[in-house]
Amino acid sequence: MIHVDNLVKEYKRPVRKEGLFSGIRTLLSRDFAVKRAVDGISFHIEPGELVGYIGPNGAGKSTSIKMLTGILVPTSGRIEVNGLAPHKQRKEYTRQIGVVFGQKTQLWWDVPVIDSLRLLKDIYKVSDAEFKRNMELFSDLLDLHEFQHTPVRQLSLGQRMRADLAGALIHTPRILFLDEPTIGVDVVAKERLRNFIKEINRERKVTVLLTTHDMRDIEKLCTRMMIIDHGQMIYDGSVEQIREKYGRHRTLVVQFEREIPEFSAPNAECLKSVGGKLWFRFDRLATTPSELIAYISARYPIVDLAVEEPEIEDMVRTIYGGSEARGKEA
Amino acid sequence: MRIFWSFARQAFQNTAIYRFDYWLQLVSVFLMMYSVHWIWTSLYSQHPAAFGVNVAQMVTYGILGMALEAIFNPGQGPQTYIATQLKSGGIDTDLAKPLDFHLHMLARNVGEILFRFGTLVLPSALIGGAFLGLQLPASPVAAGLFAVSLLLGYLALFALNFLLGMVAVITLDIRSISWAYSSLVRFFSGQMVPLWLFPGFLGALANVLPFRSIYAIPISIYIGKLNGSAALEALIFQSVWVVALFIVGRLAWSGVHTRLVVQGG
Amino acid sequence: MEELRIYMKLIRISMRSRLQYRADFITGIISVLVLNAVNLGLIGILVHRFSQLHGWTIWDLVFLYSMFVLSHSLYSLLFWHFNMMDTYIAQGTFDQFLIRPISPLIQFLGREIQYIGIGDILVGVAAFSLAYSNKGLHWQAWQWLFFTVAILSGTMIEMSIRWMIASTAFWLGRSLSLANIMNRFNLLVQQYPIDIFGTWFQVVVTVIPISFLNYYPSLVLLGKANDGTWLRFLPPMVAIVSISAATLVWRAGIRRYASSGS
């Protein structure tokens, strides 16, 4: 469905000089620096996939999304979505995609949501029957009817995001691009947005590519995750795989009868100790919890214990950290 | 006053980003100075004695009126900042600052004005002097009084703009009000046409309103139309209005502060 | 045409949005009236001391002014939103026009009807009527026709210039200062016959054809041109050239936006 080959985007940006007099100098002359925002990315997305696209700020996520939605033209490389080149066949292409930018609404600020949706109906030439069917769906899953007569400017952020999702889906697109759809939204509203995205993906077979900073979005929604940093793809695979690759470490938390000094076990280091509670970090390929427990219980009496799995967020941080180090070397 | 300095630096940096924009502003001023030069030359060629001063003085008046626009702009100032902050909701961070709001607005504006004076007013005055017949002040005394009058004129405009900013707090949008406001200020401050040419009632009205503090008094002093005791009286007129407008501004602010509605969030 | 139909719908939404700010509507109209009163007042003060300016009487000047305002009124009603272009580009909100299957221009212009144009229409009609009766004009059909064509051409000319200026924001990020320079030219051309300025100025406002809004048509209609026949056909031709040029600049700008993103 989405084919991206060796995608590159370069920007020319003026170099801003610091200080008062250099400020005057910039009035007269200016230096430019070329920045590679996206540096040779390739991937394929199959129909019906729900893919998370993540990376630290400035990694090149937004630039990629803008190229995929046809707003920006790639410097080099190829994008083909559903047989179309987004930028070249823009009008045709835009009918097949839905886009939500979490930071700014695509709807008309001062008029009721329903008016915006009716206008989009005309813009996309959506038939009455299709419009009705979609509106029913939005009422069911997004409770759109609760606030469809309210102007967008009076909506809460969660409601606004729901309205924006409705706007992006009113023409029944086959592909949905979501740029930070849960940003700034409270926990309950986030859950609701996630359920809706999942539902749309499952029932309508809509292919979804979403960027986010909230790893829980990825955990709850995506089967596949792509991580980019410094414009390069540093991970593309299933969320499960990433657990295996970067989640080899577990933490064994042991509560002892009394306070004891910190100590290390074979293949496990002690991370911290608080009031008779010790945290041991171990590689589950190097040792097993039972070996470890056997070793520890032979020394001190144990009251309670638990094995903690790493949060996906920590794993991703490890991955970013690795690429950060590489970026500095380069 | 570190605070003025830091705002001036900010203005420097903002301008440096849009450097082409800066050159265009200079071009714009030059264009206006050029056309004012022609309007007066053309009028004087028909009626050399109809305007109460000689053509060199009048051309100087007109050119100065345009060159000072960069710092005497009734369309830009604390009111535009207040209006933007109200819309974006940023006003509550301004209110949270451990800084008197009135003073904060003044500091922010002074910083910008100093910058604009250096980068726009001075260069355009030089161009006006070199090519368009802008003359030096009538006398050293006139130059000194002009400087004082210019400062008072600035303070008067700031105070008026601040009051318009207070209106923004109530109406939340001052875009269209400020058009009427700017054109009235320009008219009654004698930016384009000196007030002594205004007929009967209009002239009398312009003479009591505070607006003539802004262009008319400083420039009239500069060209020597106002001198001696008349110049001093004019300075007193300016000072009285500045004090009055600042008092009104503070009263308005304390009234408005309480009913401040922050939009968005 | 499909796009025109969508444009009308967009405009309807924009008007509904504006109507929520009724106070602003009224202050807007009043502001326009004040603004024009001030402009005319300044000319009045300059000219009342003697009967004319470079061969133009006060009513000639009012006529000149009214032609400009009439053309300008239609421009500001329909196309004023060009002045907001750079804000869209600076804030990245221009993106929204590129993800819909309708031309970005239609979507952009459909965002706002600037009702203050109504104020301009009022002023223009009033000033024109006063000038017409005070000058004791009695036009024939061809003069009315020329007048109408000239007003509409003027609207298109100003629209094209503003459109081009707005498009420069694709390269410069900001077009406010350029727009301000334009406002200056406007004000001067609107109030004064351009022959009082130096040659340099006359050339500029003829090349940037703002003087075709009022000066050249007025020469024809007030019988000030030695041989005005060829001048009669000029305004619509200038309008067509301007629109074509603006279209090219706009297209180049859109391409530039797509490759730089800001």
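Chains as they are written, first to last, in the working numbering: chain A, 1 to 330; chain B, 1 to 265; chain C, 1 to 262.
We treat Cβ as the ideally placed atom computed from N, Cα and C, and that holds for glycine.
Query, Result
"Within chain A, the residues that Leu10 of chain C reaches when beta carbons sit closer than 8 Å", "Leu119"
"Separation of Gly41 of chain C from Asn134 of chain C, as counted between CA atoms", "18 Å"
"Buried versus exposed call for Ala216 of chain B [16 or more other C-beta atoms within 10 Å across all chains shown]", "buried"
"Alpha-carbon spacing of Ile247 of chain B relative to Arg18 of chain C, whole angstroms", "36 Å"
"Pro171 of chain A, buried or exposed, once every other Cβ within 10 Å from all chains shown has been counted against 16", "The question names Pro, but residue 171 of chain A is His in the sequence shown. Looking at its Cβ environment, which holds 16 or more other Cβ atoms inside 10 Å, His171 of chain A is buried."
"Residue-level contact to chain C via CB, Phe198 of chain B, 8 Å cutoff", "yes"
"C-alpha distance - Ile276 of chain C paired with Val62 of chain C, whole-angstrom precision", "Not covered by the structure: residue 276 of chain C. The range shown for chain C is 1 to 262."
"Residue-chain proximity (Val34 of chain A, chain C), Cβ-Cβ < 8 Å", "no"
"Euclidean distance between Cα positions of Gly75 of chain B and Ser178 of chain B", "7 Å"
"Thr207 of chain A at chain C interface by Cβ criterion, 8 Å", "no"
"Leu46 of chain C at chain B interface by Cβ criterion, 8 Å", "yes"
"Cα-Cα separation between Lys132 of chain A and Glu203 of chain A, rounded to whole angstroms", "17 Å"
"Beta-carbon proximity of Leu64 of chain C to Pro193 of chain C, cut-off 8 Å", "yes"
"Bounding residues of the beta strand (DSSP E) (the contiguous stretch that carries Asp283 of chain A)", "Lys277 to Asp283"
"For Ala258 of chain C, the nearest candidate out of A:Ile234, A:Glu219, A:Val274 and A:Ile65 (CA to CA)", "A:Ile65"
"Alpha-carbon to alpha-carbon, Val185 of chain B and Val32 of chain C", "15 Å"
"Leu195 of chain B versus Val59 of chain B - alpha carbon distance", "15 Å"
"Val203 of chain C classed as buried or exposed, judged by whether at least 16 other C-beta atoms fall within 10 angstroms", "exposed"
"Trp163 of chain C beta carbon less than 8 Å from that of Trp80 of chain C", "no"
"Residues near Gly153 of chain B in its chain [Cβ-Cβ closer than 6 Å; skip 5 each side]", "Ser213, Ile214 and Pro218"
"Nearest candidate by alpha-carbon position, reference Ser116 of chain A, set C:Thr93, C:Gly119, C:Thr247 and C:Arg111", "C:Arg111"
"Residue range of the beta strand (DSSP E) that includes Thr93 of chain B", "It is not in any beta strand (DSSP E) - Thr93 of chain B instead sits in the alpha helix (DSSP H) that spans Ile91 to Ala96."
"Buried versus exposed call for Glu69 of chain B [16 or more other C-beta atoms within 10 Å across all chains shown]", "buried"
"In chain order, each alpha helix (DSSP H) run of at least 4 residues that lies wholly inside the stretch 191-273 of chain A", "215-221 and 239-246"
"Outcome for Glu146 of chain A when other beta-carbon atoms lying within 10 angstroms are tallied against a minimum of 16", "exposed"
"Chain-ordered residues of the stretch 75-97 of chain C with a beta carbon less than 9 Å from chain B", "none"
"C-beta neighbour in chain A for Ser167 of chain C, strict 8 Å", "no"
"Glu311 of chain A - DSSP class collapsed to helix/strand/coil", "coil"
"Beta-bridge partners of His37 of chain B, as assigned by DSSP", "His37 of chain B pairs with nothing; no bridge assigned."
"Cα-Cα separation between Glu136 of chain A and Lys220 of chain A, rounded to whole angstroms", "25 Å"
"CB contact flag (Leu74 of chain C, Gly117 of chain C, <8 Å)", "yes"
"Chain C contact for Lys104 of chain A (CB, 8 Å cutoff)", "yes"
"Run of the beta strand (DSSP E) containing Ser189 of chain B, from where it starts to where it stops", "Element bounds for Ser189 of chain B: n/a, residue is neither H nor E."
"Residue-level contact to chain B via CB, His138 of chain C, 8 Å cutoff", "no"
"Beta-bridge pairing of Val99 of chain A - partner residues as DSSP gives them", "A:Phe177"
"Chain-ordered residues of the stretch 239-261 of chain C with a beta carbon less than 9 Å from chain D", "Annotation note: the requested chain D is absent from the structure, which comprises protein chains A, B and C."
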